[in-house]
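> Following this message is one structure expressed as structure tokens.
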Amino acid sequence: MTEVGNERAAELETLGAICADNLVVQKGYSGYIEIPVALQTPLQLFRTGQGKEEHGISQLPPIRVCFDFPENYPTATAHRVQLKSCWLPDGEIQDLQAVFFTLWEEYGHAEILYAYINYIQECAELAFGLECLDVVDDLLPQLLD
């Protein structure tokens with residue numbers, strides 16, 4: 008049971024109930040959620056190292072959403088979030104992080120982490136609009152596992 012008026016604890020409790028297998032709470036009100044990436048349509052990978060290779064894959068390594076709920080969350084300050092991915096282009100990560108603050112504004116400074124995670128899951132199923140992914144030699148084994 009969460010403390011009355013503690014939105015941070017309430018949101019962590021909700022996330023724990025919904026995302027228990029993928030949620031790691033580290034200290035206080037911070038942690039991360041790993042979002043599995045199962046694609047609706049296979050994505051073409053192109054190796055851009057010494058030789059040309061092409062692979063079609065239906066699953067990619069998870070995207071990690073790191074979060075920290077500040078003390079005056081959610082009404083005065085949004086979560087601090089950071090996305091981590093070994094394969095998603097930096098520009099896409101920046102765009103997704105910007106969406107977080109847009110959602111926070113649209114929801115009227117309410118708890119939105121689950122809505123944000125759901126948004127990322129929906130985008131992930133569609134490979135974030137990517138038609139193909141150029142990868143370097145070092146990354147290819149991680150993506151093919």
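For what it's worth, the numbering used here labels the leading residue of the sequence shown as 8, then goes sequentially. Beta carbons are placed, not taken as given, at the ideal position from N, Cα and C, and that holds for glycine. Here the structure is a predicted model, which is why all the values come from computation and not from measurement.
In whole angstroms, what is the alpha-carbon distance linking Val142 and Val106?
If I take the Cα positions, the gap works out to 25 Å.
> What residue does the beta strand (DSSP E) around Phe140 start on, and which one ends it?
Correcting the residue type first, residue 140 is Leu in the shown sequence and not Phe. Element bounds for Leu140: Cys139 to Val142.
> Considering Cα atoms alone, identify which of Phe135, Gln33, Ala131 and Gln149 is closest to Pro43.
The candidate whose alpha carbon is nearest that of Pro43 is Ala131.
> Determine the burial state of Val31: buried for a count of at least 16 other Cβ atoms within 10 Å of its Cβ, exposed for fewer.
Under this definition Val31 is an exposed residue.
> Within the stretch 40–108, note down every full beta strand (DSSP E) run reaching 3 residues or more, in order along the chain.
For the stretch 40–108, whole beta strand (DSSP E) runs of length 3 or above, ordered along the chain, are 59–75 and 87–91.
> Buried or exposed for Leu151, please, with buried defined as at least 16 other CB atoms from any protein chain shown within 10 angstroms of its CB.
Exposed: under 16 other Cβ atoms inside 10 Å.
> Give the single residue among Ile127, Tyr80 and Leu22 whose Cα lies nearest to the Cα of Leu95.
For the residues Ile127, Tyr80 and Leu22, the minimum Cα distance to Leu95 belongs to Ile127.
> Check each candidate in Leu110, Leu67, Thr109 and Tyr80 and name the one with the smallest Cα separation from Ser92.
Ser92 has its Cα closest to that of Leu67, out of Leu110, Leu67, Thr109 and Tyr80.
> Contact defined as beta carbons within less than 8 Å: I believe Pro69 pairs with Glu41. What is the distance between those atoms, to the nearest angstrom?
With 8 Å as the limit, Pro69 and Glu41 qualify as a contact, their Cβ atoms being about 4 Å apart.
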